[in-house]
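S.K.: Sharing a structure, written as structure tokens. Questions coming.
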Amino acid sequence: MLRYPLGPVALGALWEHRDVLAESEATTGWLASAVVPINTELAVQVQYGASDNVAESSTSASLGATYDLGNDVSLYVFATENSSDEIDDESEVGVGISYVF
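Just so we're aligned: 31 in UniProt numbering is position 31 of the sequence shown, and the numbers increase by one with no gaps anywhere.
As structure tokens, this is what we get:
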């Protein structure tokens, strides 16, 4: 995992290559992300990745936001679109609360 601050924006990248001895094919995947702070409480996150670990030519794109309530509590929301040449495309949305203790 690589994280790189670019001014107020935090960029991230991940790359994986896996060889399984019992299987004939290797798998690879990658992911790129960015966190953009809007103000001290609100941040927007974007993420895009591709992989052949689960299905050939699969991709995932997400857009989300977090809102810091203070005292280790934050709210989050996200929407994700997963697509693949082999399996049905999936859309996901989520909302939640995070407490770090």
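Glycine included, each C-beta is placed from N, C-alpha and C at the ideal position.
What you are looking at is a predicted structure, and each value in this text was computed from that prediction instead of being measured.
Counting along the chain, where does the beta strand (DSSP E) carrying N39 start and finish?
M.R.: It is not in any beta strand (DSSP E) - N39 carries neither H nor E in the DSSP assignment.
S.K.: Which value, in whole angstroms, describes the spacing of the CA atoms of V44 and Y76?
M.R.: 10 Å
S.K.: Determine whether the beta carbon atoms of T80 and S98 lie at a separation below 8 Å.
M.R.: no
S.K.: Is the separation between the beta-carbon of T59 and that of S33 shorter than 8 Å?
M.R.: No.
S.K.: Could you round the C-beta distance between D72 and V100 to whole angstroms and report it? I think they count as a contact, below 8 Å.
M.R.: 4 Å
S.K.: Report the CB separation of L31 from L14 in whole angstroms; it is logged as a contact under 8 Å.
M.R.: 4 Å
S.K.: Measuring CB to CB, does R18 end up less than 8 Å from A10?
M.R.: no
S.K.: Based on the DSSP secondary-structure assignment, which residues constitute the bridge partners of L11?
M.R.: As computed with DSSP, L11 is found in a beta bridge with Y4 and A34.
S.K.: Would you please state the rounded distance, in angstroms, between the beta carbons of S57 and Y67? I believe it to be under 8 Å.
M.R.: Their Cβ separation, rounded to whole angstroms, is 35 Å, which puts S57 and Y67 out of contact at 8 Å.
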